[in-house]
Structure formats: structure tokens, C-alpha cells
Amino acid sequence: MIASTVRSVVLCVTRRKLPTATISRVANRNYFTRHVPEPKMMIHLPKTEGDVSCESLVLKEATVDEKKPVILILAWAGADQRHVDKYVDMYTNEGFRVVSLIPRCYHYRIPNSRVGFYMSPLFRAIDAKPGDFRTFAQCPIIIHSFSMNGVRGLISFWKWTEAEETPALRDRIKGLILDSAPARPYGKQDAKAMVWSTPPIDALEKVFSEKTRISVLASFLNLRATLVIPLCATVPFLRSFLSVYYYFLDKMDLPRDQLYLYSTADKMIKAKHVEKFVGKQMEKGANITSINFEDSEHVQHYRAHPEKYREACLNFVKHIEASYK
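Quick note: the sequence shown uses our numbering, first residue 1, plus one each step.
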């Protein structure tokens, strides 16, 4: 009887304490973590056909021209969908379908295949968890990429095709528009992009301000640059392992038709890096159009020069459409 009483007391104490301990551990774990939303693909149709997310979209074959180019927008670090919508409208108002994706958490390192995985249903033209892409099987794909965050997204797709042994999917990309890229950002520029696009850890947010986080990261990245830049100059084959810019230049066979939109006044990147990249692509036989807006800020060229920007992008897209009909 005594043993039975002891067991009852133990069970009672256990039942009361275990949930409390579990809640405490969960609270502590959440307090020292950050919530990063998964990248979400959005399909945007010409205005006559609606504008919906992939989660609820099922397209009928009769509603779209399946051979008309689709534009895949890869947004800059820290962008919201409302920032991207004006670029979406630029294309949908002309009858083009658009797919948009905002890669999360910019980083200075060469990316893995994670973001590329989220992009893959469009290229495979399948009905998958992100949405129904079966009507995208025959259309040329044009990438409209912003800043180095967009470049990292495209590299991630290259990495995914390597991992899945499906390099032929890259051939679906028939045109590339690069806004405010590519470049080799300096420490402070990379630090700003990382902080702006990465949610802070809850426990440290009140201790370390955004300005402090940028300053600490910039110091580290500047120190890294003092080691990496001479190493890349001395041992050139290492540069594609250490630099996003050089991986993009050395390791990727980009489509023949390319449009570069940049500005001398851009404080986040150097125009000379874009121009060097353009020169290297021309040596490879690419068909290049480049526009230096001269006075507009980073990823603000459309805002500063709406007519010129819109004309350049639409002429480029329509050229691709005429070439692959």
C-alpha cells in the first residue's frame, strides 16, 4: 500500500512538472532563435486573367499562350512583395506572365541549392507544393534579377541542377536582365544587405542595434577581404570558391541575350565591376545591352527613370519573344 501511495505521488508530481519544464525549454529556445519565412513563389497573370498565389492557382490550357515568355523576378535583399509589384505590373500590363521570388537572408558566401529547389517547379513545369506550373512547359524563361541577392538565387538554381543532375533545365533561360549587379560589394555594403534581409535574434535585438550589427559585420568582412583579395590574385582558380562575383563569372554559362541596368551613383556596388563583367561576357560571344543611368541609387533605376527603364526591359523581352516563336 505504501508503495502504491509513493507511485501515485510520483506520477502526480511528474504530471505537474513535465509540462512546465517543457514550456520553459521551448520559451528559451524561441527566445534565442529567429523566424525566417520560407521563400514563396508567386504567379502573376496578365490583368485579364487575375493575380493569385501559387497555393491556389490551377491554370487551364486555354487561358494562356504557353509559348509566350515568362519573366522570373529574383528580388533584392530585404525586399517585400509590395516593392516587387511595380516590376510585375510592368510586364503583366503587356500580357506577360510573371513569377516572383524573394530569396531570404543574403550572405556573402556562395549559396547552396536551397533557393534553387524552390525555383525548380517552374523549370520542371510540374504540379508541386508551391503551385501548378504545368502550363509553363514550353515558354522561354527570362530572369529579371536584382542586386547580388538575385545573383545568389540564380547561382543556387545552378547548384540545384548540379545536385539533381539536370543541367538541361538551365537551357530554358533565354534571357537575363541584371539590375544593379553583378559586383564585388565591400564590407559595409555586404553587411547592410545581410542585416536588412535577416531577422534579428529576439534575445539580442534590444542589446545590439541594427547600426551595431552592421558595424561588427563590416569589420569582419573587411578583415576577410584583406586576406581573400590577395589570395585570389595570387591563386586565380580559388576565386570562384571564395567570391560570388567570380563564381558567377567563371562557373556559369549564361544565356546569350543579356541586359545590364546600373548606375555610377550606386553606393552599394561599383559600376566598374558591372562593366568588367559585361566585357568578359562579350568576349564569350554574348549579345549585350547595357545602360548606365548615372544618377540613380541601388535598385532605384525604375523609380528615377521609369520610361527609359520600362522601354529597355520590354524591348528586351519582346526581342526574346520574337526570337523563340
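By construction, the Cβ of each residue, glycine as well, lies at the ideal position given by its N, Cα and C atoms.
Asked                                                                                                                                     : Found
Ser240 (DSSP reduced to helix, strand or coil)                                                                                            : helix
Contacts around Met252, its chain only, beta-carbon distance under 6 angstroms, and the 5 residues preceding and following it disregarded : Trp158
C-alpha distance - Ser242 paired with Ile110, whole-angstrom precision                                                                    : Note that residue 242 corresponds to Leu in the displayed sequence, not to Ser. Each residue's alpha carbon lies about 7 angstroms from the other.
Cβ neighbour criterion (16 or more within 10 Å) applied to Val58                                                                          : Note on Val58: pLDDT 44, under 50, position unreliable in the model; the coordinate value appears next. Exposed, by the Cβ-count rule.
Test item: CB-CB of Pro69 and Gly187 under 9 angstroms                                                                                    : no
Neighbourhood of His144 by C-beta, 6 angstroms cutoff - its chain only, sequence neighbours within 5 removed                              : Ile71, Ile73, Ile177
Endpoints, the alpha helix (DSSP H) within which Met90 is located                                                                         : 81 to 92
Residue(s) in a DSSP beta bridge with Asp132                                                                                              : Asp127
Per-residue DSSP class, three states only, for Tyr247                                                                                     : helix
CB contact flag (Ser180, Asp257, <9 angstroms)                                                                                            : no
Proximal residues to Ala193 (C-beta, below 6 angstroms), its chain only, five neighbours per side dropped                                 : Ala77, Tyr106
Coarse secondary structure for Lys270, derived from DSSP in three states                                                                  : coil
Extent of the continuous beta strand (DSSP E) to which His44 belongs                                                                      : 42 to 44
Spatial distance of Asn222 from Glu275 (CA atoms)                                                                                         : 23 angstroms
Ile23 versus Val207: straight-line alpha-carbon distance, rounded                                                                         : Low per-residue confidence applies at Ile23: pLDDT is 38, beneath 50, and the placement is therefore not dependable enough to give any value.
Outcome for Pro306 when other beta-carbon atoms lying within 10 angstroms are tallied against a minimum of 16                             : exposed
Residues bridged to Gly175 (per DSSP)                                                                                                     : Ile142, Asp257
Length of the line joining the Cα atoms of Arg310 and Tyr260                                                                              : 13 angstroms
Residue burial classification, Met41 (beta-carbon count within 10 angstroms, cutoff 16)                                                   : buried
Separation of Lys325 from Val216, as counted between CA atoms                                                                             : 52 angstroms
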